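Start counting at 1 in the sequence shown, then tack on 485, and there's your number in my numbering.
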Amino acid sequence: MKKRVFSGVQPSGDLHIGNYLGAIKRWVALQEEYDNIFCVVDLHAITTPQDPKILKQKIREVAALYLASGIDPQKSKVFVQSHVLAHTELAWILNCFLPVGWMMRMTQFKEKSAKQRQQVSTGLLDYPALMAADILLYQTDLVPVGEDQKQHVELTRDVAQRFNSLYGETFKLPAALIAKEGARIMGLDDPTKKMSKSETATGHAIYLLDSPDEIKTKIAHATTDSGQEIKFDLQKPGIYNLLEIYQLFTGVDRHEIESAFAGKGYGELKSAVAEAIIEGLRPLQQKYTELMADPAYLESLLAQGADQVRPLAEKTVQEVKNKIGLG
Ligand code: ATP
Ligand code: LTN
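In structure tokens, the structure reads:
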């Protein structure tokens with residue numbers, strides 16, 4: 486029996502190379518080895534305000550980007566979270582086992598609630614309960630995510646353990662799978678902040694659907710550090726970030742990269758990074774265009790994905806309800 490992998494991305498904006506290098510590209514690499522479920526977590530997206538028309542479009546866009554990146558529907562199940570009602574049902578139940586203090590300690594909640602001008606929704610506080618439901622419904626072993634989601638996976642383990650100790654073995658305890666490299670790609674405009682979908686400053690992120698010219702301009706304007714040396718040195722976060730992006734798109738190892746750029750200037754590095762991203766994204770962008778030309782095919786894949794996972798999710802919810810005396 487293969488181990489189960491579950492992960493997801495919010496359709497809350499345009500996907501960027503951080504989402505790709507930290508999450509989706511790794512899912513593709515792990516696809517053969519595991520039994521995979523990949524979800525477009527639309528219910529998570531509405532924890533912050535969304536325009537209905539744009540949200541609807543982004544849900545399809547994210548699904549198409551999974552497939553365009555190499556997620557193969559023969560090997561992985563792909564579906565939209567709101568198509569499987571068990572997610573909200575288990576999230577409610579888990580809520581009742583999650584101390585509010587745990588939720589208030591979550592870094593993502595603290596950061597997002599501080600940033601938000603509109604009122605902060607209860608959904609934003611409750612976000613990790615829904616994420617725990619996503620993971621626990623499928624008896625997931627491994628959750629490949631970027632560094633920022635580690636705390637949420639730990640909370641998922643904690644609530645699973647708490648439930649298991651009260652009602653007997655019910656949930657498998659999942660573990661986060663975080664890469665050594667690429668788990669935290671930084672903003673191009675400010676390499677001390679993580680690249681994020683919800684950050685709107687121009688030049689902050691390279692989006693997966695950016696044109697070659699946009700990529701060149703953004704990389705040319707990326708913040709660099711003082712000095713001239715081109716080395717993987719965490720004291721120089723701007724150069725480090727560009728080198729890491731280069732490494733992940735080309736597959737060349739760190740020593741080779743450092744020797745190739747020895748004695749060269751930041752300008753040359755930036756051109757090489759832009760070229761690596763453009764070439765790395767080219768096949769993905771082509772496949773994406775093809776997929777978006779056939780919306781009926783995408784719809785049918787998503788319907789099929791939801792039909793495949795629904796029975797697994799419903800089984801877990803039924804077991805939970807039986808144990809706690811509902812129904
Ligand atoms: P938002 O800003 O709307 O919260 P986000 O850009 O942080 O969005 P998510 O949908 O929250 O993206 O994340 C999807 C996946 O991408 C997660 O596994 C997350 O850990 C990963 N991820 C997000 N940003 C980065 C980043 N800068 N570097 C590496 N991985 C990232
Ligand atoms: N919170 C995650 C998205 C997400 C997720 C999940 C990831 C929702 N449910 C379950 C892994 C497993 C994020 O990337 N912001």
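Virtual Cβ for every residue (Gly too), placed ideally from N, Cα, C. All values reported here derive from a predicted model rather than from experimental measurement.
Where residue i sits in the DSSP three-state scheme
{"i": "Val-547", "result": "helix"}
{"i": "Ser-681", "result": "coil"}
{"i": "Asp-527", "result": "helix"}
{"i": "Ala-660", "result": "strand"}
{"i": "Val-628", "result": "strand"}
{"i": "Asp-643", "result": "helix"}
{"i": "His-706", "result": "helix"}
{"i": "His-501", "result": "strand"}
{"i": "Asp-520", "result": "strand"}
{"i": "Tyr-623", "result": "coil"}
{"i": "Met-671", "result": "strand"}
Residue i beta carbon near ligand 2 (any heavy atom closer than 7 Å)
{"i": "Ser-598", "result": "no"}
{"i": "Ile-522", "result": "no"}
{"i": "Val-794", "result": "no"}
{"i": "Phe-594", "result": "no"}
{"i": "Val-547", "result": "no"}
{"i": "Ser-683", "result": "no"}
{"i": "Phe-456", "result": "An answer regarding residue 456 cannot be provided, because it is not within the stretch 486 to 812 covered by the chain."}
{"i": "His-637", "result": "yes"}
{"i": "Gly-493", "result": "yes"}
{"i": "Met-588", "result": "no"}
{"i": "Asp-643", "result": "no"}
{"i": "Met-616", "result": "yes"}
{"i": "His-529", "result": "yes"}
{"i": "Ile-544", "result": "no"}
{"i": "Ile-663", "result": "no"}
Boundaries (first-last residue) of the beta strand (DSSP E) holding residue i
{"i": "Lys-562", "result": "561-565"}
{"i": "Arg-489", "result": "489-494"}
Buried or exposed (CB count within 10 angstroms, at least 16 for buried), residue i
{"i": "Asp-698", "result": "exposed"}
{"i": "Arg-767", "result": "exposed"}
{"i": "Ser-756", "result": "exposed"}
{"i": "Val-585", "result": "exposed"}
{"i": "Asn-807", "result": "exposed"}
{"i": "Arg-511", "result": "buried"}
{"i": "Tyr-782", "result": "exposed"}
{"i": "Ser-785", "result": "exposed"}
{"i": "Cys-524", "result": "buried"}
{"i": "Gln-686", "result": "Reading off the sequence shown, one finds Ala at residue 686, where the question assumed Gln. Counting Cβ neighbours within 10 Å, Ala-686 comes out exposed, since fewer than 16 surround it."}
{"i": "Pro-676", "result": "buried"}
{"i": "Thr-592", "result": "exposed"}
{"i": "Gly-712", "result": "exposed"}
{"i": "Pro-659", "result": "buried"}
{"i": "Gly-765", "result": "buried"}
{"i": "Leu-570", "result": "exposed"}
Segment limits, alpha helix (DSSP H) that includes residue i
{"i": "Leu-787", "result": "780-809"}
{"i": "Leu-831", "result": "The structure shown does not extend to residue 831, since the chain is modelled only from 486 to 812, so the question has no answer here."}
{"i": "Gln-770", "result": "751-777"}
{"i": "Ser-744", "result": "739-746"}
{"i": "Ala-599", "result": "592-600"}
{"i": "Phe-734", "result": "722-735"}
{"i": "Val-605", "result": "Premise fails: Val-605 is in no alpha helix (DSSP H) and is neither H nor E."}
{"i": "Lys-665", "result": "Neither: Lys-665 is in no alpha helix (DSSP H) and is coded neither H nor E."}
{"i": "Lys-716", "result": "Segment: none, Lys-716 is in no alpha helix (DSSP H) and carries neither H nor E."}
{"i": "Leu-694", "result": "That residue, Leu-694, is in no alpha helix (DSSP H); it is neither H nor E in DSSP."}
Check: residue i C-beta below 7 Å from any heavy atom of ligand 1
{"i": "Asn-504", "result": "yes"}
{"i": "Met-591", "result": "no"}
{"i": "Asp-633", "result": "yes"}
{"i": "Met-680", "result": "yes"}
{"i": "Gly-688", "result": "no"}
{"i": "Ile-670", "result": "yes"}
{"i": "Ser-497", "result": "yes"}
{"i": "Ala-508", "result": "yes"}
{"i": "Val-565", "result": "no"}
{"i": "Val-630", "result": "yes"}
{"i": "Gly-555", "result": "no"}
Proximity test, Cβ basis, 8 Å: residue i and chain B
{"i": "Asp-520", "result": "As a matter of chain content, chain B is missing from the structure shown, which is built from one protein chain."}
For the region 566-580 and the region 610-623, state whether three or more C-beta atom pairs, one from each stretch, are separated by less than 8 Å.
Touching, per the Cβ criterion.
Three or more C-beta pairs below 8 Å linking the region 638-653 and the region 594-605:
Verdict: no, contact absent.
Three-pair Cβ contact test at 8 Å for the region 760-778 versus the region 729-741:
Yes: at least three Cβ pairs fall under 8 Å.
Count the CB pairs spanning the region 619-628 and the region 787-803 that are closer than 8 Å, and state whether there are at least three.
As far as the Cβ criterion goes, the region 619-628 touches the region 787-803, which means the pair count is three or higher.
Using a Cβ distance threshold of 8 Å, determine whether the region 673-687 contacts the region 492-512, with at least three qualifying pairs required.
Verdict: yes, contact present.
Validate contact between the region 772-788 and the region 737-755 using beta carbons, cut 8 Å, 3 pairs:
Below 8 Å, too few C-beta pairs join the region 772-788 and the region 737-755 to call them touching: fewer than three.
Could you tell me whether the region 515-534 touches the region 488-496, using the rule of 3 or more Cβ pairs below 8 Å?
Judged by pairs of C-beta atoms under 8 Å, the region 515-534 touches the region 488-496, as three or more such pairs exist.
Touching or not, the region 652-671 and the region 713-720, by the rule of three or more beta carbon pairs under 8 Å?
With the cut-off at 8 Å, the region 652-671 and the region 713-720 do not touch.
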